[in-house]
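Chains as they are written, first to last, in this note's numbering: chain A, 28 to 145; chain B, 28 to 145; chain C, 28 to 145. Note that beta-carbon positions come from the ideal geometry of N, C-alpha and C, so glycine has one too. Because the structure is a prediction, the values reported are computed rather than measured.
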Amino acid sequence: MIDRQQTKQRMSRIVVHNDTIYLCGQVCKDTTTEPTIREQTASMLEKVDELLLEAGSDREHLLSATVYIRDMKDFAIMNEVWDAWIPEGHAPARACVEARMARPELLVEVSVIAAVVK
Amino acid sequence: MIDRQQTKQRMSRIVVHNDTIYLCGQVCKDTTTEPTIREQTASMLEKVDELLLEAGSDREHLLSATVYIRDMKDFAIMNEVWDAWIPEGHAPARACVEARMARPELLVEVSVIAAVVK
Amino acid sequence: MIDRQQTKQRMSRIVVHNDTIYLCGQVCKDTTTEPTIREQTASMLEKVDELLLEAGSDREHLLSATVYIRDMKDFAIMNEVWDAWIPEGHAPARACVEARMARPELLVEVSVIAAVVK
């Protein structure tokens, strides 16, 4: 059985199957300012928190994360925010590569797979 | 137990484990013409349909898709074809980033995870 | 239940859930020389072997691999090493796209999902 939440025509923000949660790629919240990599990473991870909560999970139950970063010059600061966000002893598998996202102002995006908390 | 189909030395087109289907990255069908982004997206999704059918699933049971697009200028047209292909209420989680594929004429590729229909 | 191994603050090298193993993105071993694509691919796959062994699996039980290559000009040689490494009849689903990794000397990286051997 597949459980979808926040489903639009293009994608679902949350898809659950076999106690495994797939989130759609998360970027920072929309804003009229030009947020820094630090702000974008924090905002993106806040959105991941919200989706995981809605999916019946949390950041202690991440399985895998793929981080796309627009420019590796921002790698260190992104990691600083990431490291502070991860609960000690609960880090997921992770890969991070450079890529451009849908809009040029987007500096970082993350694809998350997590486990349902039982 | 792992079930593989269309297995060659480099990759299997279909791998099934735990009722979860992993497809190898799909691009458009080989052609002697230079297909547009619209044609490539349609052809790629047709191949996804064929593989899902062979794996015992269909496009109503997608879990997650990672779309690689050669140039974000093609994002809107790719999405148009994508949106029309997704059955209403059944959209997977999705991420889309810009990347170059194995051959320069390839404008779009997709990695799909789906569920076995039971 | 989630089983993590080689967990640091940023990531776990191994995460196991539902008999599915997620490895963190693997690149070649650190070295003071500038290894070629052939050497980097071999070294990267050796590290995958070591992690799979530790996770209770092996290269006959790969489910899915995402290969990131810095320059598609290296595609053929990477594939040569890859093809020789895959046990006949056991190839995973695979996608390969061009991307830059965390450090400019890195020519190839792989994200692996595998199955626990039972």
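**Pairwise C-alpha distance: ALA111 (chain C) and ASN45 (chain B)** = Rounded to whole angstroms, ASN45 (chain B) and ALA111 (chain C) show a C-alpha spacing of 27 Å.
**Request:** State the CB to CB distance for the pair TYR49 (chain C) and ALA120 (chain A), rounded to an integer number of angstroms; the pair is presumed to be in contact (CB under 8 Å).
**Result:** Between TYR49 (chain C) and ALA120 (chain A) a beta carbon distance of about 4 Å is seen, short of the 8 Å cut, so the two are scored as contacting.
**Prompt:** Hey, VAL42 (chain B) and LEU90 (chain C): beta-carbon distance below 8 Å or not?
**Reply:** Yes, Cβ-Cβ distance for VAL42 (chain B) and LEU90 (chain C) is below 8 Å.
**Prompt:** According to DSSP, which residues form a beta bridge with THR120 (chain A)?
**Reply:** The residue asked about is misnamed: residue 120 (chain A) is Ala in this sequence, not Thr. Beta-bridge partners of ALA120 (chain A) (DSSP): A:SER91.
**Request:** Output the distance between the C-alpha atoms of THR93 (chain B) and THR59 (chain C), rounded to the nearest integer angstrom.
**Result:** Distance between the alpha carbons of THR93 (chain B) and THR59 (chain C) is about 35 Å.
**Asked** Name the chain B residues whose beta carbon is nearer than 9 Å to that of THR63 (chain C)?
**Response** Those do not exist, as THR63 (chain C) stays about 20 Å from chain B at its closest Cβ, beyond 9 Å.
**Request:** Check distances from the C-beta atoms of the region 116-141 of chain C to those of chain B and list, in chain order, the residues that come in under 8 Å.
**Result:** Listed by position, the residues of the region 116-141 of chain C near chain B (Cβ gap below 8 Å) are GLY116, HIS117, ALA118, PRO119, ALA120, ARG121, ALA122, CYS123, VAL124, GLU125, ALA126 and ILE140.
**Request:** Spell out the partners DSSP gives ASP17 (chain C) in its beta bridges.
**Result:** The displayed coordinates of chain C run from 28 to 145. Any statement about residue 17 (chain C) would go beyond what the structure contains.
**Prompt:** Who are the Cβ neighbours of SER39 (chain C) in its own chain at under 8 Å, not counting the five residues just before and after it?
**Reply:** For SER39 (chain C), where only same-chain residues beyond five positions count, the Cβ hits under 8 Å are ARG31, GLN32, GLN33 and CYS51.
**Prompt:** How would you write the range of the beta strand (DSSP E) that SER84 (chain C) sits in, first residue to last?
**Reply:** Neither: SER84 (chain C) is in no beta strand (DSSP E) and is coded neither H nor E.
**Message:** Let's test the definition: count the other Cβ atoms within 10 Å of the Cβ of THR63 (chain C) and tell me whether it reaches 16, buried, or not, exposed.
**Reply:** Exposed: under 16 other Cβ atoms inside 10 Å.
**Message:** Run through chain C and tell me which residues come within less than 7 Å of THR34 (chain B), C-beta to C-beta.
**Reply:** Under the 7 Å cutoff, chain C gives GLY116 and ALA118.
**Asked** To the nearest angstrom, how far is it from the Cα of LEU133 (chain C) to the Cα of ASP101 (chain C)?
**Response** Looking at the backbone, the Cα of LEU133 (chain C) and that of ASP101 (chain C) are separated by about 12 Å.
**Message:** Once the 5 residues before and after LEU72 (chain A) are set aside, which same chain residues still bring their CB inside 6 Å of it?
**Reply:** The residues are TRP112.
**Request:** Mind checking which residues open and close the alpha helix (DSSP H) that includes ILE104 (chain A)?
**Result:** Element bounds for ILE104 (chain A): 102-112.
**Prompt:** Near GLU4 (chain A), which residues of its chain fall below 8 Å by C-beta distance, leaving aside the five closest residues on each side in sequence?
**Reply:** Absent from the structure is residue 4 (chain A), since the part of chain A shown begins at 28 and ends at 145.
**Message:** I believe THR47 (chain B) touches ILE140 (chain B) by the beta-carbon criterion, under 8 Å. Please report the beta-carbon distance rounded to the nearest angstrom.
**Reply:** Taking C-beta atoms under 8 Å as the contact rule, THR47 (chain B) and ILE140 (chain B) qualify, at a distance of about 6 Å.
**Prompt:** Taking CYS123 (chain A) as the reference, which of C:ALA122, C:GLY83, C:GLN53 and C:HIS88 has the closest Cα?
**Reply:** C:GLN53 is the residue among C:ALA122, C:GLY83, C:GLN53 and C:HIS88 whose C-alpha sits nearest the C-alpha of CYS123 (chain A).
**Request:** Figure out for me which residue from B:LEU78, B:GLU125, B:SER84 and B:TRP109 has the closest Cα to the Cα of ARG130 (chain A).
**Result:** The shortest Cα separation from ARG130 (chain A) among B:LEU78, B:GLU125, B:SER84 and B:TRP109 belongs to B:GLU125.
**Three-way DSSP call (helix, strand, coil) for LEU79 (chain B) in this model** = LEU79 (chain B) sits in a helix when the DSSP states are folded into three classes.
**Asked** Does any C-beta atom of chain B lie closer than 8 Å to the C-beta of LEU90 (chain C)?
**Response** Answer yes: the Cβ-Cβ gap between LEU90 (chain C) and chain B drops below 8 Å somewhere.
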